[in-house]
Amino acid sequence: MQAEDMEVPIMNNLNDNNGDRQRPKGKDAFKDQQKESESSMESPNLEFEYGDSDTITTELSELYSYTEEPEFALNRDYFEEDFRNHARGRRWAELSAEEQRAYVMRLLDALEVTDRDKRLKVARAILYLAQGVFDECDTEVDVLHWSRHNIFLLYDMGLFTALLELLSMEIDNSQACSSAVRKPAISLADSTELRVLLSIMYLMVETIRVQTEDDLPEWRAAREAFKNELGSPLYNEEPFALLLFTMVTKFCSMNAPHFPMKKVLLLLWKTILFTLGGFEELQEMKARGRERLHLPPLPEDSIKVVRAMRAASPPASAMELIEQQQQQKRGRRSRRPLVKQDSLDTYNERDPFKNDDARDDEDDPEDADSGIEGEVDPLDRDVIIQPPPPPPPLRPPTERVNFPKGLPWAPKVREKDIEHFLETSRNKFIGFTLGNDTETLVGLPRPIHESVKTLKQHKYVSIAEVQIKKEEELQQCPLSLGEEEVEETPAESLYVGMLPNLSQYVIALLKLLLAAAPTSKAKTDSINILADVLPEEMPITVLQSMKLGIDVNRHKEIIVKAISALLLLLLKHFKLNHIYQFEIVSQHLVFANCIPLILKFFNQNIMSYISAKNSICVLDFPHCVVHEMPELTAESLEAGDSSQFCWRNLFSCINLLRILNKLTKWKHSRTMMLVVFKSAPILKRALKVKQAMMQLYVLKLLKIQTKYLGRQWRKSNMKTMSAIYQKVRHRLNDDWAYGNDIDARPWDFQAEECALRESIEKFNGRRYDRNRNGDFAPVDNCLQSVLGQRVELPEDFRYSYEMWLEREVFSQPIQWEGLLQNP
């Protein structure tokens, strides 16, 4: 497929901020920027802990939109109507285990009826059980307890397989699809059956996935069995995740606009997370993989290092500096520096964004006379200092915090870096090179010997490098090395299933991400992702409109969260499984305009997005089914929750930054895309979010493009450069800050992508193409094993066996003497 066919249209220019909103002019613009700068100055450190997902309560509540709230009572009514006839006045919690199993078996039998309405009522009754029979519970903890108990019971009775058959029937329901295509406006009512089925399946996957300390032994065994079941071919010889990917592509191709995409994406994300494993499991798998390949262990646990980091203060904004200049003009007699307050003052010189002390300026006369200060970009200067200011008072020792000495990351060196260093040194001192020889140091001076020794001490060989080397050997010697033994991991099974339609899956996910992005404009030809949130009757009061507006924004945020987490998991697991599986997914993402799409997402007031309060706590599950519903007012809707940030939005931002890092790492052609799309100012604005992990990935993206941005940008952004030195891993001979590296010179970027694509196609052809040349297939030359093979003959051949012998054997003249003679 050509790159043009794979593009996801980026409807707005990256410089158009916040969609249709007009830019204010004059005093209004100044006031808006002043407010934004004040909010950035006062923004506190965000106490955010990154993980695979949010708390179980939040993850369950995000499954339902606020528009679905009346359906909780509907589920309860259908359950009680049927249960009343069976239990005769008793409650579900009062039944014995055998009685509960008997009732669940009765519900499973009722799921097989042909009447669609009766089947829906039974499915709603099962959903009520999965939701924790909340009408019998007094607290949210009780609801979660009974939900967990019932879900393990439902799984044990074989419910998931029955739901899978019903889901496939609904997907193939052409009548529902055609009627939805003809409808001008699609609402909740068009996806009732699908929403009920997907809700039960999501509750099962998410509840069984999460481990708790008080799990019964049989529950732990059920978890492993369910995990293997989801990763194995369940339906049509394919894993369950592929069925959900099919739903996504069908929805994006406008063939099934009534599919509830939020529920599908959430279920797909949690299925991948469950079957392949989360980030901590990935770290363990990576450690085991290195041990299996006899590589040294990882220098550190990246998850622990990032969690131990502290956020740095953001650079001052333009409005702050203008104000400081005005105050400086009014108060020149005071001769005092106007220093921006810093929440991390205790770290003193360790703060990367903190302005240098005035004494440092005096100690460095070169910088004072070079005129660099006059060229500093106002967006990056934190303070205006008048020389010579009085030295600030020394802080008492009690205020200092012991900061760990050294950098958080161990430096790494690639084999390629050592080869490049030796090639340069040999050309300089000897006048010729020795190719890839990194051992011979004859003729080189002693300092070069020491440098090579230091480089080799920090040499890091990744699993990807070993895989690439092995693949090259298999391509060069297909006969002598024979067939490669491929381990049947869940990631391998998923890749094999996704490979034929991989580009369609990637494009569909990016289309949904574009539609859900807050900076996207609404267009008539864009896909409608609100089919499972819009009610049948549109709101008529201001309060209803506010509630629906919050629901729609929340709906979009959850979609972004699910897609970003899903794409990141796929990239990380495929990279660990085989580097070329990762590369083909990355290339599809790049060709489908993923890089500008993510930059467009960040081209907004990112602080406002992260602190958005698009949630109504009293309507969240399970709160809304346990407590009495208070009267909603416009004030209570505007207030939202009391947290200083929205977990899902910050989680989404970090995931998107990590995806962008994955796509551009060691890919200079893609790094140039960051430069062409002017990503540096967009990424620098994201540094205002005082969260260490997010700042780390922003700084990584700035580091890889620094060499392309020119000397003036580097001089004007010394605070950002200092932050990169402090927080990002060092490559000992990486000339990233100066642009002298050969990689900074222009070359044919298209050739790099084409060479990568050629390697990917060779890998896929060798490993997965069953129609390759049979001459290269291994042959069994052992006479005993060949004669011992049992050959199954067709029925018609048995009847005509004697005729075949007469025609092919007895009537053919064979020169036996000639065959037996030596040539």
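Going by the working numbering, the first residue of the sequence shown is number 259, and it counts up by one from there.
All C-beta atoms, glycine included, are put in the ideal place defined by N, C-alpha and C.
Everything numeric in this text was worked out from a predicted model, so none of it was measured.
The shortest CA-to-CA distance from residue 498 to any of 719, 316, 804 and 530 is the one to 530. Between the stretch 460-478 and the stretch 802-816 there are fewer than three inter-stretch CB-CB distances shorter than 8 Å, so the stretches are not counted as touching. When DSSP assignments are scanned along the stretch 925-964, the uninterrupted stretches of alpha helix (DSSP H) that are 4 or more residues long and fall wholly within it turn out to be 926-934, 937-944 and 950-963. Contact between residue 961 and residue 982 is confirmed by a C-beta separation of about 5 Å, below the 8 Å threshold. Of the candidates 880, 1018 and 711, the residue whose Cα lies closest to the Cα of residue 845 is 1018.
Taking residue 311 as reference, the option from 905, 739 and 689 with the minimal CA-CA separation is 905. Contact check between the stretch 835-849 and the stretch 758-765: three or more CB pairs, one atom from each, fall below 8 Å, which counts as touching.
The straight-line gap separating the alpha-carbon atoms of residue 379 and residue 478 is approximately 31 Å. When 870, 368, 713 and 956 are compared, the shortest CA-CA separation from residue 990 is found for 713. Just so you know, the alpha carbons of residue 861 and residue 987 end up roughly 26 Å apart. If you check the CB distance, residue 381 and residue 468 do not come in under 8 Å. For residue 736, the enclosing alpha helix (DSSP H) stretches over residues 736-739.
Per DSSP, the continuous alpha helix (DSSP H) segment holding residue 772 begins and ends at 760-774.
Put simply, the backbone Cα of residue 882 is about 21 Å away from that of residue 456.
When beta bridges are read from the DSSP output, residue 989 appears opposite 670.
Beta bridge pairing from DSSP links residue 496 with 493. Two segments are said to touch when three or more pairs of C-beta atoms, one from each, lie closer than 8 Å; by this definition the stretch 503-522 touches the stretch 417-435. By the beta-carbon neighbour count (other beta carbons within 10 angstroms, threshold 16), residue 688 is exposed. In the three-state reduction of the DSSP assignment, residue 521 falls in the helix class, which pools H, G and I. For residue 813, the enclosing alpha helix (DSSP H) covers residues 800-835. Of the candidates 954, 793 and 721, 721 places its Cα closest to the Cα of residue 833. For residue 324, same chain residues with a beta-carbon under 7 Å away, outside a window of 5 residues either side, are 805, 809, 874 and 877 in chain order. Just so you know, the alpha carbons of residue 501 and residue 404 end up roughly 29 Å apart. Assignment of residue 871 by DSSP, reduced to helix, strand and coil, places it in the coil class.
Just so you know, the alpha carbons of residue 346 and residue 352 end up roughly 12 Å apart. For residue 717, the three-state secondary structure derived from DSSP is strand. Counting of Cβ neighbours within 10 angstroms places residue 331 among the exposed residues, the total staying below 16. Taking C-beta atoms under 8 Å as the contact rule, residue 670 and residue 707 fail to qualify, at a distance of about 21 Å. In the three-state scheme derived from DSSP, where H, G and I count as helix and E and B as strand, residue 785 is classed as coil. If you check the CB distance, residue 549 and residue 446 do not come in under 8 Å.
Contact check for residue 751 against residue 547 fails: the beta carbons are separated by 8 Å or more. A contact is defined here as three or more CB-CB pairs under 8 Å, and the stretch 946-960 meets this definition with respect to the stretch 558-571.
For the options 448, 395 and 342, the alpha carbon positioned closest to that of residue 793 is the one of 448.
The continuous alpha helix (DSSP H) containing residue 458 extends over residues 450-467. When Cβ pairs closer than 8 Å are counted between the two stretches, the stretch 350-365 is seen to touch the stretch 397-415, the count reaching three or more. The distance from the Cβ of residue 913 to that of residue 870 is about 17 Å, inconsistent with a contact at the 8 Å cut-off.
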